[in-house]
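Peer 1:
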Amino acid sequence: MRVIWPPATVREVWRIHDYIRDFNPRAAAHLADRLFQAGASLSTDPHRGRPVYGTSLRELLIVYPYIIRYEVVGGEVHILRIRHGMRLQ
144 MRVIWPPATV REVWRIHDYI RDFNPRAAAH LADRLFQAGA SLSTDPHRGR
194 PVYGTSLREL LIVYPYIIRY EVVGGEVHIL RIRHGMRLQ
């Protein structure tokens, strides 16, 4: 299954990276790598994230505290958002 990262979602990852880099450059690089790897891993098991109630979306909490929100459409996984788990919708 193909994983689609819209430019805005890629920018979200780099914004997170840039914020953390100010405190710990190695941790920032590691986190960005893990987020991209987690998204890519959805190509083999796209339904492992939990369903978001009342929507067609799914969420994957794999890099605490960040949540990958995505949607499976046909043969594609669309990564829609990366958000901090402590932030409100």
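If you want the numbering used here, it's the position in the sequence shown, counting the first as 1, plus 143.
C-beta atoms are modelled at their ideal positions from N, C-alpha and C, and glycine is treated no differently.
Treat the numbers as computed from the prediction; the structure is a model and nothing was measured.
Are the Cβ atoms of Tyr-213 and Leu-204 separated by less than 9 Å?
Peer 2: No, the Cβ-Cβ distance between Tyr-213 and Leu-204 is not below 9 Å.
Peer 1: By Cβ distance below 8 Å, which residues in the same chain neighbour Pro-208 in space, the five residues on each side in sequence not counted?
Peer 2: Once the five neighbours on either side are set aside, the close Cβ partners of Pro-208 are His-227, Gly-228 and Met-229.
Peer 1: For the alpha helix (DSSP H) containing His-160, list its first residue and its last residue.
Peer 2: That run of the alpha helix (DSSP H) goes 150-164.
Peer 1: Could you tell me the distance, in whole angstroms, from the CA atom of Val-206 to the CA atom of Trp-157?
Peer 2: Straight-line Cα distance between these residues: approximately 15 Å.
Peer 1: Check whether the Cβ atoms of Val-215 and Pro-189 lie closer than 9 Å to each other.
Peer 2: Yes; because the gap between Cβ atoms is below 9 Å, this pair is in contact.
Peer 1: Look at Ile-222 and Leu-185 and say whether their C-beta atoms are less than 9 Å apart.
Peer 2: Against a cut-off of 9 Å, the Cβ pair of Leu-185 and Ile-222 comes out as a contact.
Peer 1: Should Gly-217 be labelled buried (16 or more other beta-carbon atoms within 10 Å of its own) or exposed?
Peer 2: When all chains shown are included, Gly-217 counts as exposed.
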